[in-house]
Every structure is written in structure tokens, then in C-alpha cells.
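Contents: one structure, followed by commentary.
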Amino acid sequence: MLHLDMDAFFASVEQLTRPTLRGRPVLVGGLGGRGVVAGASYEARVFGARSAMPMHQARRLVGPGAVVLPPRGRLYGMLSKSVFDALRGPMPVLEQLSMDEAFGEPTELAGADAATVQRYCEGLRALVLEETGLVASIGAGSGKQVAKIASGLAKPDGITVISPDEQHAVLDELPVRKLWGIGPVAEEKLKRLGIETIGGFARTPESEVASILGTTVGPGLHRLAQGIDNRPVAERAESKQVSAETTFATDIVTMAELRGAVESSAASAFVRLQKDGRAARTVVLKLKKADMSIVTRSVTLPYATLDRQILVAAAQRQVIDPLELGPVRLVGVGFAGLSTVRQGSLFPELDLDVPGYQESKITMAGADDGLSAPVPAPARAIDTRWHPGLDVTHPDFGHGWVQGAGHGVVTVRFETRTTGPGKARTFKEDDVQLERADVEGSLE
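Following the working numbering, the numbering of the sequence shown begins with 10 at its first residue and continues without gaps.
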């Protein structure tokens, strides 16, 4: 089994198509006060920056050398397709997990020794590099779990082959959190019982694991820790929703705490949405109360969007005060109605305000009540000034991207994937020759 993972995918695409950024700490994500990191280059990770971290925190860690760019989802989707189209030549069946990772199970590697697997993986990495200019890390193992752990050990820019003979020696000493399926809550439960490694988890009696993590999830994770993983590679149907949820050790009893929890869950779900590559139209809020009853609320926007602020605001509008609802132990946010067609709102100031969309459904403890509200009347069109990271073109200098703008001028770096580092030039912001461009131009 192989697991291929593109290294720092979003940031690597930016460095590939904007050569000036190669070797520099790049942060991709929201630029506003509540922005979240969607991707960080390895140069930025050295400082402690990582995906799903608040952007202001990542910028503070990296310092003044940080280059912060808004995501270019369409470009990432195009390069992702190029990567996996190329890989489907040698591996016709791929189980693609997201824009940047997939499982494969080449039939020619059945029973192969480690050296043969290593050579095969080197060929795959060379193919990806030749087709796209991007770097991938590959892990190989007896099953999906081991292969995924191996690709993590291979990063950055490497290959790790874990043979069945050395599987336990490698895995047993790793932190239990490395086990795919063990999140922070499960990790904390296990740590309280002195179980900190995969080996320690594997040696724990299955009955005890079931009592700690539940009779559905626990035994399955226990088998994975023991290296028992017979799941085949299969093409995945497109997911209908991406979501993130957290169970809290202490019940949430104030509105301020709940809003913070919704913000955190929405941020994590949004990072997954960006990796998925599609826009969302429906925002779902899930609250599990202290008595274990579940409240779900959903709101459907008039268009599919990948605008983080609009999606988070939609989740926040559905919050119910714990003083009214009761203590909350779990908070989840999901994005559904996924579509490759996205539309930016002409009136985002309305989308960030309170009512305004058709609220599709409220479900509380199994009872359904439909609520609806009118779509607000349009206000005024937003200003469309140049902003950092925007793709532009000029008849004399070709394709470029905005490095900075303000005080009536805009500075553009003219470069693409094939040009090498380009020169920066400054124009008046009303220069008629400077125009917005399609992101595809940066691949030339």
C-alpha cells in the first residue's frame, strides 16, 4: 500500500508559480484579523507556523519575513488534477483523500521487497515533479495506516518504506496521536491512563480500549495499532460535507465561550473545505448538550462560496445562548452543498450581518421546525481595489501578481512558473494597461 502526500501543497504551489517566493516563509490563508492559515511552507514551519493556526499568531511567530497570500483555490485544483491524472497512468485506481493526498495499491508491488518498492516510489515522485514541478513524499507499508504514517515520516521530500518485519519496531515507539483516528480528546483520555505510544495502545486489552473509546471506534483503532489493516484502495465518491467538531472536557456555559468554540470548529472545517477544493452553500451548526441531546441548525446561502468570513458568520448567526439552551459539551461546524461553481457575493457587508438567508432547517432532539427569512435587498457594490496576491497582466510585461498597493500606486512582480524570479514594477492604480488576470496564467 502506498500513501502519497504533496509537501506543503498550497504554499508549494505559490512558490512554484511565483519564483521570488522560493526559499521564503510563505503563509497561505485569510488576511483579515480573524484569518486562519490554510497552508505554510516548510520555511515558515521552522518558526512553528502550521495549518489551522490563527494567521495573526503565525505572522507573529515567523516575523517580518513572512509572505502572506490569499488562497487561489482554482489554481490548487488544477495542479491537483495534473498530479493525480499523471499518477493514474501507473496506478489506475487511486483513493484520493483531498487535493494533496491519495492511497494507491499497485498490483506489481504485491510480494515485492523493500528495494523494489523504493525504486517504484522514486519513479512516482519523478513523474509528479516532471508533470507539475511539485514535490511529493511517499510512504509504503502493509496497509493504509502504516503507509500514511510512513509518508509522514518521509516528509519533507522523501520516501519511507516500512516492511512487515520492521513495522512494530517503527510504529510502537511513536506517539499514540500518530495513529490515524486518534484526535486530541482520545489522546488525552489515553494519556490519563498512561497510554502514550502506539505500542502501549496495542498492548492494552481490547475490552479496556472499548471502555475508553467506545465499542464502535475503540476495537477498530486497536486493530490498526496492532498492524491489522485490510482496507482496500477504492475510488472515493465525492463527500457531501466537510466538518470539524470538538468535545470539551468542561461544559460550555457562556455565550462568549460558545462563540469561541464555534470560531475554532469553523476554522478547522474551513481548512478541510479548502483542501477539498469546492465551495459550500450550506453551513451546519451542531451542539451536543450535557444531557447528550443534540441540536443541529443549518442555513443555506443564496450562492456557494469559499469566503471564510461569510461561512463563519453564517455559523455564528445560528448560536443559541447556553443560558437558554443549557450547558454544551460538543460543538461542530459543517459545510455542505458543496460545488465546484463558486460565486463571490456582491454585497459581503450584508452576508456578515445578522439575518438575510433562507434558514433551511432547525432540528432539536429529533424534532423539525422550518424557519425562513427574506433575502435582504442589495445595498451598494463593494470596492474592487488591487490587493496583495491578485493575479494581473500587462501588455508589455506579461503575467504577474500584486505585491502591494496603496496611496494611489500598485506594485507588481512579473513572473510565472517558467520565468524564474521576476522584476517588480510600480504603476498608478488607475493605469488602464494593468488588468486582472486568470490564475492559470501563472502556470505559463
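Virtual Cβ for every residue (Gly too), placed ideally from N, Cα, C.
For clarity, every value in this text was computed on a predicted model and none was experimentally measured.
For residue 319, the closest C-alpha among the options 348, 276, 284 is that of 276. In chain order, 150, 155, 159, 179 place their CB closer than 6 Å to the CB of residue 171, counting only its own chain and leaving out the 5 sequence neighbours on each side. When DSSP states are grouped into helix, strand and coil, residue 442 belongs to the coil group.
Less than 9 Å divides the Cβ of residue 346 from the Cβ of residue 291. Out of 224, 333, 104, the CA that lies nearest to the CA of residue 298 is found in 333. Rounded to the nearest whole angstrom, the C-alpha separation of residue 421 and residue 67 is 25 Å. By a beta-carbon distance limit of 8 Å, residue 193 does not contact residue 261. Their separation comes to about 16 Å. A straight-line Cα-Cα distance of about 18 Å links residue 112 and residue 176. For residue 250, the closest of 35, 441, 348, 28 by C-alpha to C-alpha distance is 348. With fewer than three CB-CB distances shorter than 8 Å, the region 264 to 284 does not count as touching the region 303 to 313. Sixteen is the threshold: when 16 or more other Cβ atoms of the shown chains lie within 10 Å of the Cβ of residue 105, as they do, the residue is buried. As the crow flies, the alpha-carbon of residue 231 is around 26 Å from that of residue 341. In this structure, DSSP gives residue 184 an extended state, which the three-state scheme calls strand. With a 10 Å radius around the Cβ and a threshold of 16 neighbouring Cβ atoms, residue 76 comes out buried.
For residue 103, the enclosing beta strand (DSSP E) starts and ends at 103 to 107. Scanning the region 215 to 290 for uninterrupted alpha helix (DSSP H) segments of 4 residues or longer gives 215 to 222, 226 to 234, 264 to 285, listed from N- to C-terminal end. Look at residue 325 here: in three-state DSSP terms it is helix. Judged by their CB atoms, residue 409 and residue 423 are nearer to each other than the 9 Å cut-off. Relative to the Cα of residue 401, the nearest Cα in the group 434, 427, 416 belongs to 434. Pairing residue 73 with residue 38 gives a Cβ-Cβ distance that is not under 9 Å. The continuous stretches of beta strand (DSSP E) do not include residue 193, which lies in the alpha helix (DSSP H) extending over residues 193 to 201. A contact between stretches requires three or more CB pairs, one per stretch, nearer than 8 Å, and the region 84 to 94 fails this requirement with the region 119 to 132. In the three-state scheme derived from DSSP, where H, G and I count as helix and E and B as strand, residue 89 is classed as helix.
With fewer than 16 other CB atoms across the displayed protein chains lying within 10 angstroms of its CB, residue 220 is exposed.
When rounded, the separation of the alpha-carbon atoms in residue 57 and residue 49 is 10 Å. In the displayed model, residue 56 falls within coil according to three-state DSSP, outside both helix and strand. In this structure, residue 64 sits away from residue 89, with a CB-CB distance that is not shorter than 9 Å.
Beta-carbon to beta-carbon, residue 398 and residue 78 are separated by about 4 Å, close enough to satisfy the 8 Å threshold. For residue 164, there is no enclosing beta strand (DSSP E), since its DSSP letter is neither H nor E.
With fewer than 16 neighbouring CB atoms inside 10 Å of its own CB, residue 441 falls in the exposed class. As the crow flies, the alpha-carbon of residue 15 is around 36 Å from that of residue 415. For residue 128, the enclosing alpha helix (DSSP H) begins and ends at 123 to 141. Residue range 207 to 212 is occupied by the alpha helix (DSSP H) that includes residue 210. Proximity to residue 448 across 26, 21, 13, 18 peaks at 26, based on C-alpha coordinates.
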